[in-house]
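**Q** UniProt numbering puts the first residue of the sequence shown at 1, with every later residue one more than the last.
Built from N, CA and C at the ideal position, the CB exists for glycine as well.
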Amino acid sequence: MNPMAQSSFPQCRREGVQYRISTTENAQEEIWYSQNEIPIAMFTQRYQPHLGDHIPIHWHQEMQLLWVYDGTLSYRVNGMEFPLDRSQLLFINDSILHSSHPITTEVKTLCINFRKDIFPSALWNQFLRPLTENPYCTYELINLNAQSLEKLGRFIHHVDDSTGLFSVTTFIMEVMEEIMETFEESGEAKNTEERVLFDGILSFIKDHFSESLTISQLSTAAHLNKNKLTALFQKYTGMPPIHFLNTYRLDEARTQLLKSARSVSEISEDVGYGQISHFIQQFRKRYGMTPLQYRRTYSGRDERYEITSLL
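1. Distance check for Glu178 and Leu123, CA to CA, integer angstroms please.
2. If we ignore side chains and look at the alpha-carbon of each, how far apart do Ser265 and Ile57 end up?
3. For Leu229 and Ile205, what's the separation of their Cα atoms in angstroms?
4. Once DSSP output is grouped into helix, strand and coil, what is the label at Trp59?
5. According to DSSP, is Trp67 helix, strand or coil?
6. By how many angstroms is the C-alpha of Pro102 removed from the C-alpha of Ile73?
7. Kindly indicate the opening and closing residues of the alpha helix (DSSP H) around Thr169.
8. Just to confirm the assignment, what range does the beta strand (DSSP E) spanning Arg76 have?
9. In this structure, does DSSP put Ala189 in helix, strand or coil?
10. Pull the bridge partners of Ala221 from the DSSP assignment, please.
11. Note down the Cα distance separating His158 from Gly164, rounded to an integer number of angstroms.
12. Quick check: the Cα distance between Pro3 and Gln48, rounded to an integer number of angstroms?
13. Are the Cβ atoms of Gly153 and Lys108 separated by less than 8 Å?
14. Give the range of the alpha helix (DSSP H) segment to which Ser100 is assigned.
15. Would you check if the distance between the CB atom of Leu258 and the CB atom of Ala222 is smaller than 8 Å?
16. Sorted by chain position, which residues of the same chain lie with C-beta nearer than 7 Å to Gln293's C-beta, five sequence neighbours on each side aside?
17. Tell me, to the nearest whole angstrom, how far the beta carbon of Thr237 is from that of Ser22; I am working on the premise that it is less than 8 Å.
18. Taking the beta carbon of His278 as the centre, do at least 16 other beta carbons fall within 10 Å, making it buried, or is it exposed?
19. Quick one: give me the first and last residue of the beta strand (DSSP E) that Tyr139 is part of.
20. Whole angstroms is fine: what's the gap from Glu185's alpha carbon to Gly79's?
21. What are the start and end residues of each continuous alpha helix (DSSP H) run of 4 or more residues lying completely inside the UniProt domain "HTH araC/xylS-type" (199-297), in chain order?
22. Less than 8 Å between the beta carbons of Glu111 and Gln61, yes or no?
23. Grab the span of the alpha helix (DSSP H) containing Glu133 for me, first residue to last.
24. For Ser250 and Thr214, what's the separation of their Cα atoms in angstroms?
25. Evaluate His54 with the Cβ neighbour count: other Cβ atoms within 10 Å of its Cβ, from every protein chain shown; 16 or more gives buried, anything less gives exposed.
26. Near Leu232, which residues of its chain fall below 6 Å by C-beta distance, leaving aside the five closest residues on each side in sequence?
27. Can you confirm whether the region 80-94 touches the region 136-144 when touching is taken to mean that 3 or more C-beta pairs between the two stretches lie within less than 8 Å?
28. Helix, strand or coil for Arg115 per DSSP?
29. Give me the residue from Arg296, Glu269 and Thr247 with the minimum Cα distance to Phe283.
30. Measuring CB to CB, does Trp67 end up less than 8 Å from Glu29?
31. Residues bridged to Ile92 by DSSP?
32. Among Arg129, Phe171, Phe244 and Phe119, which residue has its Cα nearest to the Cα of Leu144?
33. How is Arg154 classed by DSSP in three states: helix, strand or coil?
34. Which residues does DSSP pair with Phe82 in a beta bridge?
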C-alpha cells in the first residue's frame, strides 16, 4: 500500500466504522461504496492538528461535495488556496488534485463522493457532461442558505446507514443545477501536460523518498529546470519540492513510530535522514515533540491505526 495511505489522513467514520482514506501509488484515493448500484460514498472526517492530521495532495475519479461543519480548513485545489468553513459548500470535479490542512484546533467535515452514474444518462449527456468536461470547471464554492445547512446537518446523522441516500441524491442534483446556473469560465483551467509532469515527479518521490535526494536530482527526474519544478510544486502543494519531500518523510516516520517497534535511528535512516539529530530536530519542529515522546504519547491510543484492514 502507498505510504501516503499510512500517514497523515484524518479519522473518517462511515456506517459505524472508523477508518482512514487510502490512496494508490499515483495518489488516487480509493473509494468504496456500500451499495454499488448507488455510487455515493458519504462519510465524516475529524482533523486533529496535534496528531499532524492533514490530507496530502491526491485525486479521485469521483466528484466531491465537502462541507466543514466545525472549524476552518485551508483547502488547495488545482493550485488555488482558500479557507473553508460551514458557510460554504465545496464542489470538486473529478480527477482534480487537491489537499487540505486544519486552520483551527479541530476540524470536522462531511464528504459526499459520487460518480456520474447517479444521474440519468440523458440528463448527464445534455446538461452535466458539458459542464464537468469544461476545462475551467475544476471546483466551485457554493454559499449555503439556512435550508441547505439544515439538510447537510441531517446528512451527518446518516453516515452510519444508507437511509439518507435518496435525500443525498436529490441534494446533489440541486447543487449541480446551481453550479450550472452560476458557473463562469474563470480561474485556473485544467492543464493535462502540466498534470502529467507533476504526477510523474510525485511518483518518483514516493519511490525514492528514502534516498538522499537533492533539488538537482528531482529536476533531472522531472526533466525540468529548478525554477519550473519549484513553480510546479508551489502551485499544487503550496511548498517547494524539498519541503514537500521532507514533509512526506516525516509523515512516513510518524506512521512507523505508531505502527512498529523499530528504533528511532532505524526509522530515521529508512525515511531518508542521514543524521538522526537532524531527523529529531525536524520531527520536533513539525509535531511539537521528539519521536520517542510522540510514540509514548500516541502509540496504541490512536484507533485509526488499528483498522486499516477494513479497507
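**A** Inspection of the coordinates gives the following:
1. Counting from 1 along the sequence shown, the entry for residue 123 is found at position 123. Counting from 1 along the sequence shown, the entry for residue 178 is found at position 178. Roughly 15 Å between the two C-alpha positions.
2. The residue labelled residue 265 in the question sits at position 265 within the sequence shown. The residue labelled residue 57 in the question sits at position 57 within the sequence shown. C-alpha separation (whole angstroms): 28 Å.
3. Start at 1 with the first residue of the sequence shown, and residue 229 comes out as number 229. Start at 1 with the first residue of the sequence shown, and residue 205 comes out as number 205. About 13 Å.
4. Locating residue 59 in the sequence shown gives position 59, counting from the first residue. Trp59: strand per DSSP, three-state reduction.
5. Position 67 of the sequence shown, counted from the start, is the residue given in the question as residue 67. Note: Trp67 maps to strand in three-state DSSP.
6. Along the sequence shown, one-based indexing puts residue 73 at 73. Along the sequence shown, one-based indexing puts residue 102 at 102. The residue you asked about is not Ile; residue 73 is Leu in the sequence shown. Between Leu73 and Pro102, the C-alpha separation is close to 5 Å.
7. Here the question's residue 169 lines up with position 169 in the sequence shown. Looking at the DSSP string, the run of the alpha helix (DSSP H) that includes Thr169 is Leu165 to Thr182.
8. Within the sequence shown, the letter at position 76 stands for residue 76. Run containing Arg76: Leu73 to Val77, per the beta strand (DSSP E) assignment.
9. Position 189 of the sequence shown, counting from 1, holds the residue named residue 189. Coil.
10. For the purposes of this step, residue 221 is identified with residue 221 of the sequence shown, where counting begins at 1. None, per the DSSP bridge assignment.
11. Walking along the sequence shown from the start, residue 158 turns up at place 158. Walking along the sequence shown from the start, residue 164 turns up at place 164. His158 and Gly164: Cα-Cα distance of roughly 6 Å.
12. As a position in the sequence shown, residue 3 is number 3, starting the count at 1. As a position in the sequence shown, residue 48 is number 48, starting the count at 1. Low confidence applies to Pro3: its pLDDT is 38, below 50, so where it sits in the model is not reliable, and the reading given next is rough at best. Pro3 and Gln48: Cα-Cα distance of roughly 20 Å.
13. Working through the sequence shown from its first residue, we reach residue 153 at position 153. Working through the sequence shown from its first residue, we reach residue 108 at position 108. Not in contact: Gly153 and Lys108 (Cβ atoms no closer than 8 Å).
14. As a first step, residue 100 must be located in the sequence shown, where it is residue number 100. Not the alpha helix (DSSP H): Ser100 falls in the beta strand (DSSP E), residues His98 to Pro102.
15. Locating residue 258 in the sequence shown gives position 258, where the first residue counts as 1. Locating residue 222 in the sequence shown gives position 222, where the first residue counts as 1. No, the pair does not count as a contact, with Cβ atoms beyond the cut-off.
16. Position 293 of the sequence shown, counted from the start, is the residue given in the question as residue 293. Here the set comprises nothing.
17. Here residue 237 refers to the residue found at position 237 of the sequence shown. Here residue 22 refers to the residue found at position 22 of the sequence shown. About 20 Å; that fails the 8 Å criterion.
18. Counting from 1 along the sequence shown, the entry for residue 278 is found at position 278. Label assigned to His278: exposed.
19. If you number the sequence shown from 1, residue 139 lands on position 139. From DSSP, the beta strand (DSSP E) with Tyr139 extends over Tyr139 to Asn143.
20. In the sequence shown, residue 185 corresponds to position 185, counting from 1. In the sequence shown, residue 79 corresponds to position 79, counting from 1. The alpha-carbon atoms of Glu185 and Gly79 are separated by roughly 16 Å.
21. 215-222, 226-237, 241-259, 264-270 and 276-287
22. Here residue 111 refers to the residue found at position 111 of the sequence shown. Here residue 61 refers to the residue found at position 61 of the sequence shown. At residue 111 the sequence reads Cys, which differs from the Glu that was named. No. Outside cutoff.
23. As a working mapping, residue 133 is identified with position 133 in the sequence shown. Looking at the DSSP string, Glu133 is not in any alpha helix (DSSP H), and its letter there is neither H nor E.
24. For the purposes of this step, residue 250 is identified with residue 250 of the sequence shown, where counting begins at 1. For the purposes of this step, residue 214 is identified with residue 214 of the sequence shown, where counting begins at 1. It is worth fixing the name first, because residue 250 is Leu in this sequence and not Ser. Rounded to the nearest angstrom, the two C-alpha atoms are 17 Å apart.
25. Stepping through the sequence shown from its first residue, residue 54 is reached at position 54. By the 10 Å Cβ count, His54 comes out buried.
26. Here the question's residue 232 lines up with position 232 in the sequence shown. Taken in chain order, the residues that qualify are Phe198.
27. yes
28. By 1-based counting over the sequence shown, the position of residue 115 is 115. Correct three-state label for Arg115: coil.
29. Residue mapping note: residue 283 aligns to position 283 of the sequence shown, counting from 1. Here the closest residue by C-alpha is Thr247.
30. On the sequence shown, position 67 is the one that residue 67 refers to. On the sequence shown, position 29 is the one that residue 29 refers to. Result no, Cβ atoms of Trp67 and Glu29 do not sit closer than 8 Å.
31. One-based indexing of the sequence shown puts residue 92 at position 92. According to DSSP, which records beta bridges pairwise, Ile92 is partnered with Gln64 and Tyr139.
32. Within the sequence shown, residue 144 is the residue found at index 144, counting from 1. Of Arg129, Phe171, Phe244 and Phe119, the residue nearest in Cα terms is Phe171.
33. If you number the sequence shown from 1, residue 154 lands on position 154. If DSSP states are grouped into helix, strand and coil, Arg154 belongs with the helices.
34. Translated into positions along the sequence shown, residue 82 becomes position 82. Per DSSP, Tyr75.
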